[in-house]
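For the sequence shown, position 239 (counting from the first letter as 1) is numbered 239 according to UniProt numbering, and the numbering increases by one without interruption. These notes concern the structure reproduced below.
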Amino acid sequence: MPSFDEFSIRAPRSTGDIILISSSKIFNLVYTISKSLNEPEGARRREKVLRNGNNPTVIDQRNATRLRVLEQIRTSGQISRIDIAASLQTSPATVTSATADLMAAGLIHETAGEASPDAAKRGRPRVLLELNANSNIIAGVKVARDVIMVMLVDFQGNELAQTQFRLTEPRMSAETLVVTIGRAVNEACETLGKNIADVSGIAIGLAGQVVAEQNFIYWSSSITENNVDLDPILSQQLPCPAFVENDANLVAKGEQLFGLGQGLQNFLVITIEHGVGLGIVLGGALYRGERGCGAEFGHTKVQLDGALCQCGQRGCLEAYVSDYALMREAVIAMQDDKPSSVADIRKSAEDGNPSAIAVLERASRMFGMGVSNLVNLFDPERIILSGRTSSIEHLCSEQVKEHIRNNVVQVDAPTPEILAHDWGGLMWAKGAAAYGIEQVSVLQVLEMNAHGA
Ligand SMILES: [Zn+2]
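Here it is as structure tokens:
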């Protein structure tokens, strides 16, 4: 298993290749991703802030330009004013004015780049602009069943700290959860000699049906109440803005920006842990559905009147393939050798225990059926299974792939490739941090206006 600060990309099982890349390098790739990938997201963020009324200031032309310039700098890493003007198809004077405002607000600064051929003749190094890393600390948070993972990053996305905060209860009231998240973030800040008041924004990944634009939770396996407007609780309990998003969407965002989804237009990310989640990227943008909860793959039905799911309904895919479902099955089937984890079940199956083999085979068949339905619906270029190796390896076996091939509409073309990705917990928090940087950028530009900049 990779350690928490490593990031492994596991090739299909048949090749056995494992490539390890340092996490900070991968995270920095966020800035080299093409602008077109980020544009729909950026537009949605702006829309969210306006609809939310986080700031009563209407976004005017000047702020819209500042935001576009800031996004261009963020996605480029380092860029000259003239190149920003060319990319945005606007005048150098407009860019000079916007960058002066952003510099005055401390969000960007100048840095000497390599001398361009023209500039070298005049003996001057080329001046580039980059985000001011020290201007903001942003927290990415993933709430899992037994732990809250926190990653602190600077405004450029460089990792500053990461911590894990143990949970004694998997499910709690919305208010208790928010208070606990605050404690977890504060604990992470203390490792830097700071506290939560030094954080500019907290992005939170939650399992369940989350309307990100409104910080509204229809249902979450981490929260005891249904239909919770989390916004007022976040404002009351946390000293900085907070943004909630479905956790599988954050993993899809992470895969798109610095994982196995880079450069792809149409791909799906299936997350497997206690539950089963799905992130859908279509045409380079995250698809959320009209009500903001359109990707509940785990609760699609694979069996009429089937096994009981944690959502309260029967026959959901999750009730057959998630960690809790496997444990429930295995504890009954393996009376003589009761497993205490999914890894135990896999170990028993490898040792030839027929009950363990039967439990995993049933899960694999159900999963294959579910994935073939996804292929029939979306025809994606790639499907990424994201989770811990112990939870996903049996789900991308040759047997499952064969099952998928047999159940998709037959055309004379290969089925989408299915790759497993063990992120060791890091992907969730990194995806959340990337989301937080986008959100904080919007808020800070709007604040410039409020201050009359
Ligand atoms: Zn369900």
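Glycine included, each C-beta is placed from N, C-alpha and C at the ideal position.
Proximity below 9 Å, CB of residue i to CB of residue j
i           : j           : result
residue 381 : residue 304 : no
residue 126 : residue 139 : no
residue 323 : residue 221 : no
residue 416 : residue 383 : yes
residue 421 : residue 255 : yes
residue 396 : residue 426 : no
residue 399 : residue 361 : yes
beta-carbon residue i near ligand 1 non-hydrogen atom, thresh 8 Å
i           : result
residue 310 : yes
residue 209 : no
residue 110 : no
residue 292 : no
residue 298 : yes
residue 313 : yes
residue 273 : no
residue 329 : no
residue 318 : yes
Length of the line joining the Cα atoms of residue i and residue j
i           : j           : result
residue 57  : residue 240 : Caution applies to residue 57, whose pLDDT of 42 falls short of 50 and renders its modelled position unreliable; the model cannot decide the point.
residue 439 : residue 369 : 37 Å
residue 230 : residue 310 : 22 Å
residue 130 : residue 270 : 34 Å
residue 261 : residue 344 : 31 Å
residue 73  : residue 342 : 44 Å
residue 26  : residue 252 : Note that residue 26 scores a pLDDT of 29, beneath 50, so its modelled location is shaky and nothing firm can be said.
residue 216 : residue 279 : 18 Å
residue 80  : residue 128 : 4 Å
residue 206 : residue 141 : 9 Å
residue 356 : residue 268 : 29 Å
residue 77  : residue 330 : 49 Å
residue 82  : residue 91  : 9 Å
residue 377 : residue 209 : 21 Å
residue 163 : residue 144 : 13 Å
residue 431 : residue 250 : 5 Å
residue 410 : residue 434 : 39 Å
residue 351 : residue 334 : 13 Å
residue 153 : residue 104 : 22 Å
Outcome for residue i when other beta-carbon atoms lying within 10 angstroms are tallied against a minimum of 16
i           : result
residue 24  : With a pLDDT of 31 at residue 24, under the threshold of 50, the modelled position of that residue is not reliable, and the figure given next carries that caveat. Exposed: under 16 other Cβ atoms inside 10 Å.
residue 386 : buried
residue 64  : exposed
residue 95  : buried
residue 346 : buried
residue 183 : exposed
residue 374 : buried
residue 441 : buried
residue 232 : exposed
residue 136 : buried
residue 354 : exposed
residue 338 : exposed
Inter-residue CB distance, residue i and residue j (contact presumed, cutoff 8 Å)
i           : j           : result
residue 436 : residue 277 : Contact doesn't hold; Cβ gap of about 19 Å is too wide.
residue 149 : residue 429 : 5 Å
residue 306 : residue 213 : Wrong, their Cβ atoms sit about 33 Å apart, outside the cutoff.
residue 318 : residue 298 : 4 Å
residue 101 : residue 68  : Not a contact, Cβ separation roughly 13 Å.
residue 272 : residue 242 : In fact, because the Cβ distance is near 27 Å, the residues do not count as touching under 8 Å.
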